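Chains as they are written, first to last, in the numbering used here: chain R, 138 to 314; chain D, 138 to 314; chain W, 138 to 314; chain V, 138 to 314; chain P, 138 to 314; chain U, 138 to 314.
We put the CB at the ideal spot given by N, CA and C, even for glycine.
Computed from a predicted model, the values in this text were never measured in an experiment.
6 protein chains.
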Amino acid sequence: MANKSKFAKESLVTMTELVLPNDTNTLNNLMGGRLMHWMDIVSAISAQKHSNRVVVTASVDNVSFTHAIQLGNVVTLTAKVTRAFSSSMEVFIEVIAEDIPGGKRIESNQAFFTFVAVDQSGKPIDIPEVIPETDQEKELFDSALRRRQLRLVLAKRMKPEDANELRSIFKTTPING
Amino acid sequence: MANKSKFAKESLVTMTELVLPNDTNTLNNLMGGRLMHWMDIVSAISAQKHSNRVVVTASVDNVSFTHAIQLGNVVTLTAKVTRAFSSSMEVFIEVIAEDIPGGKRIESNQAFFTFVAVDQSGKPIDIPEVIPETDQEKELFDSALRRRQLRLVLAKRMKPEDANELRSIFKTTPING
Amino acid sequence: MANKSKFAKESLVTMTELVLPNDTNTLNNLMGGRLMHWMDIVSAISAQKHSNRVVVTASVDNVSFTHAIQLGNVVTLTAKVTRAFSSSMEVFIEVIAEDIPGGKRIESNQAFFTFVAVDQSGKPIDIPEVIPETDQEKELFDSALRRRQLRLVLAKRMKPEDANELRSIFKTTPING
Amino acid sequence: MANKSKFAKESLVTMTELVLPNDTNTLNNLMGGRLMHWMDIVSAISAQKHSNRVVVTASVDNVSFTHAIQLGNVVTLTAKVTRAFSSSMEVFIEVIAEDIPGGKRIESNQAFFTFVAVDQSGKPIDIPEVIPETDQEKELFDSALRRRQLRLVLAKRMKPEDANELRSIFKTTPING
Amino acid sequence: MANKSKFAKESLVTMTELVLPNDTNTLNNLMGGRLMHWMDIVSAISAQKHSNRVVVTASVDNVSFTHAIQLGNVVTLTAKVTRAFSSSMEVFIEVIAEDIPGGKRIESNQAFFTFVAVDQSGKPIDIPEVIPETDQEKELFDSALRRRQLRLVLAKRMKPEDANELRSIFKTTPING
Amino acid sequence: MANKSKFAKESLVTMTELVLPNDTNTLNNLMGGRLMHWMDIVSAISAQKHSNRVVVTASVDNVSFTHAIQLGNVVTLTAKVTRAFSSSMEVFIEVIAEDIPGGKRIESNQAFFTFVAVDQSGKPIDIPEVIPETDQEKELFDSALRRRQLRLVLAKRMKPEDANELRSIFKTTPING
């Protein structure tokens, strides 16, 4: 890869959205689909910043929605590239929701989106590697391999028995080993 | 659970969308976040139909985007509840994209969204069980347990060693067994 | 016409929409204009499916709005081509509105939209004929002639005295006959 | 009716819209459904002005689309109430489309929408009569009866043989008279 | 300038908007940013009409928001070019907000937007001069010079001491003169 | 004022937007009105953060648009409160536009918006003072007085001869002094 490496922090993007009536369900809570739409935009911009390329969404990892975000809340999304693999990158997204006049703030969601950098004809193109600096960046860089294997297994593009990194999650040590 | 069971097919919902300019990126392809927004709406309606309740998105399983969907394409999303667990349900979504004048049709994506049925105060409430009828419905009903364990493990709400159903995926038979 | 005929059912399209705040007036009812916007999209896709061509809206027949559809309702629109005339087609649209948690369902509206199939330069182009199969399809196929004459009379493109099919509606039997 | 009458011109409303990318189909022409959405809004405001009430759309007469309106065009819609019938009113809408830098202007469409004035509980309520002044206003006031009968016949709420005003259109003079 | 002059009234544009839920803040009042968006569109169309050219927004003068406009209100914006300077024009916008069923009407805002006429490559191009006719048009024509100097001073493109027209505002007569 | 003071930096908000087709004019450039809409949202959130109150837009200072921002560009807006006056606050907004794949970045715009903090009944309420720390914050804090006087003079709520701070701009030293 001829591209020089870039620091993780160079891809940091912050996006702020106000929850408007059309974003909410009949309980006046933000719909999950709208939040994923925002996650996709903020992480695509982060992937663009890292790669200086047009990017397309390749996959979204499991996202869980544990807190209701309400009409009028301010939603802040931050995204940063964790690791690059040839032409693809994983982006980590954190979502914070605030009821500012009410003085409430919740760490609402975390998610991982993966993007592929493409040239003008839409063909994948190699991108710079990521240099993690902080402890969190290093932890995310290391665990990116594991998440990537899980994605490949779930997409049936890797056999589970070849997913060495996943063994650490699923404790597949032989019982009589 | 006092609710009587319902057939899977009773929750079938079909949604059709036309890809408009604001749904696309600079390559004129549908953005992944917009597609997930549509997936969330169609599956929420399906979950409403099964439960006859207001529902909230609980989680989205890994989704991969392998085909570009283009400006002017017609996108058809179908959703059907696969299985219920107390107050939550899993919904299976299939996405087909067509360039009708061009005579092209691709089976674009599959996804699983999970919803929780709530009462007017937002508290979870029990829902009917699902009766699968077709082979596909039965296969999705059975495998729903496995996907549920993976969700719980990924959300750190179940220990990997307790996820019995997952063993079948990750071939955790002891080498020297 | 060199195009082979197609069955009416091949053009069936189902679209599902959730009534959101911006779709409603100050009484929290769906605005008629938004519903017609949805009718136009679902019937345009149906006309595309029949003709495998780009289509443009040619006319809308009288639509009446007799039931209020409310915020949070699920609106299901189905569209099917009834009959083709050279390069134009008539599409029949049925609208059902449901308050799913409330267990209410109304057959809200019926409408007829007409489309013209065009080539890439925007010129009209011949399309396949429609083969009706069910009783409803046959009835709609037959009555399409009458609706077409009414459209032509109202657009001042046919003289009322030449509109033979309309006589059956307006009972123009001679008083001294 | 206790309401005092009002002049037709008191209900005049002008609305101007710019055709944006999301309003257009793949030929870059304004979609018919979007235009009807705008027609509904401008005529609802006109009906509000005449009645000083909340209004709901009751019906739309046959609309034909004979000219393509293009991306970037300026669309001017004017609406004016033609006649009142107890709690309902008919509104006449004229649409002009302009390509201003290109120096082109077309009289694109005419349409009639009918609205019902309602009180806060949604019940129909009587409204002022219309006083037509100009020749066009008088012609529209007179012909409103005819259009109303056609609407009632098409909605199957009036028998064709009772629609006296329609006889003038459909020339139902007896053949052997 | 080879272009023949045009009357101010030839650029008059009226735009009517209904305040919908997504246009409002948590107090159900129209957001200032949405109103400015509408002001920009109505005045751009007015500038197009005067110049028969594509136009781009060059600047917005100080706007103050003194009255709350509420959900369901009808907002009427009128725009008219006041004066041209080579390739740029100043447009005057007046905003009226009405609660029609409530019988309330407020003259809500006034604003001045400036546009530059450009050719297809985006280069500024000369436009016709404005001929003011009414007293208000003449007053706005005269005072346009003063507003232009203030704009240039604020943009640091004119030295305050060269802004002769502004002296009349800021009473810069020498104390010992 | 019983409220304790807050640092300027506590109100910092960053918002990132992608320029989509519907945000652009026929030259594919971002419309000024859309940019002002975004400026209003980011600065309203900043004012909320400083005051912990619901806020309403009071005024916008002169904004000039000197660079075209294009379709597909990433627009980053940052906002920070500069100074408080009883119940009102001034917010400074900086806009940067980037064509990331093209490696271009422009400092596009600066603007000042003013907001009033209100209680639930919409009445103005006192807010904390601002403590500037950096050189830029201090310069903006000091010059806020001057901009405030210009706003009051332009809104005809202060006589020009009382606007002492403005004299420094308009060099009103007597010629024969």
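Query, Result
"Chain P within 8 Å of L164 (chain R), Cβ atoms only", "no"
"Near-chain D residues of the segment 186-211 of chain R - C-beta to any C-beta below 9 Å", "V191, V192, V193, T194, A195, S196, V197, D198, N199, V200, S201, F202, T203, A205"
"Local conformation of Q273 (chain D) per DSSP, three classes", "helix"
"Per-residue DSSP class, three states only, for L238 (chain D)", "At residue 238 (chain D) the sequence reads Pro, which differs from the Leu that was named. Three-state DSSP puts P238 (chain D) in coil, outside helix and strand."
"Contact check, N165 (chain D) vs L208 (chain D), beta carbons under 8 Å", "yes"
"DSSP three-state assignment for K143 (chain D), whether helix, strand or coil", "strand"
"Length of the line joining the Cα atoms of S142 (chain W) and D198 (chain W)", "25 Å"
"Proximity winner among U:S245, U:A184, U:V192, relative to G231 (chain U) (alpha-carbon distances)", "At residue 231 (chain U) the sequence reads Glu, which differs from the Gly that was named. With distances taken between Cα atoms, E231 (chain U) lies closest to U:S245."
"A300 (chain R), DSSP secondary structure in three states", "coil"
"For F252 (chain R) and A181 (chain R), believed in contact at Cβ under 8 Å, the rounded distance", "6 Å"
"Beta bridge counterpart(s) of Q207 (chain V) as assigned by DSSP", "V:N166"
"Neighbourhood of V191 (chain P) by C-beta, 6 Å cutoff - its chain only, sequence neighbours within 5 removed", "V255"
"For V192 (chain V): DSSP bridge partner residues", "V:A254"
"For F278 (chain R), three-class secondary structure by DSSP", "helix"
"Any C-beta of chain R under 8 Å from that of L167 (chain W)", "no"
"Of the residues W:S183, W:S280, W:S196, W:K260, the one placed nearest L172 (chain V), counting alpha carbons only", "W:S196"
"I264 (chain D) at chain W interface by Cβ criterion, 8 Å", "no"
"Residue-chain proximity (G239 (chain R), chain D), Cβ-Cβ < 8 Å", "no"
"For V228 (chain U) and T153 (chain R), believed in contact at Cβ under 8 Å, the rounded distance", "So it is not a contact: roughly 14 Å between Cβ atoms."
"Contact with chain V by I233 (chain P), beta-carbon distance below 8 Å", "no"
"Residues near F202 (chain U) by beta carbon distance below 6 Å, same chain, minus five either side", "G169"
"Reduced DSSP secondary structure (H/G/I, E/B, other) of P265 (chain U)", "coil"
"Exposure label - N210 (chain P); buried when at least 16 CB within 10 Å", "buried"
"First through last residue of the beta strand (DSSP E) which encompasses V156 (chain R)", "Here V156 (chain R) belongs to no beta strand (DSSP E), and DSSP marks it neither H nor E."
"Three-pair Cβ contact test at 8 Å for the segment 260-272 of chain W versus the segment 210-224 of chain W", "yes"
"CA nearest to the CA of T213 (chain D), picked from D:K296, D:I243, D:N162", "D:I243"
"Nearest residue (CA-CA) to A184 (chain W), options W:N162, W:T161, W:E147, W:L155", "W:E147"
"CB contact check: A292 (chain P) to chain U, cutoff 8 Å", "yes"
"DSSP-derived helix/strand/coil call for R294 (chain D)", "coil"
"L289 (chain U) versus R288 (chain P): straight-line alpha-carbon distance, rounded", "16 Å"
"C-beta neighbour in chain V for K260 (chain P), strict 8 Å", "no"
"CB contact flag (D299 (chain D), F250 (chain D), <8 Å)", "no"
"Pairwise C-alpha distance: S188 (chain R) and A145 (chain R)", "11 Å"
"Residues that T161 (chain U) bridges to, as DSSP identifies them", "U:L167"
"Rounded separation between E276 (chain D) and K260 (chain R) - CA only", "36 Å"
"CB contact flag (L303 (chain W), R283 (chain W), <8 Å)", "yes"
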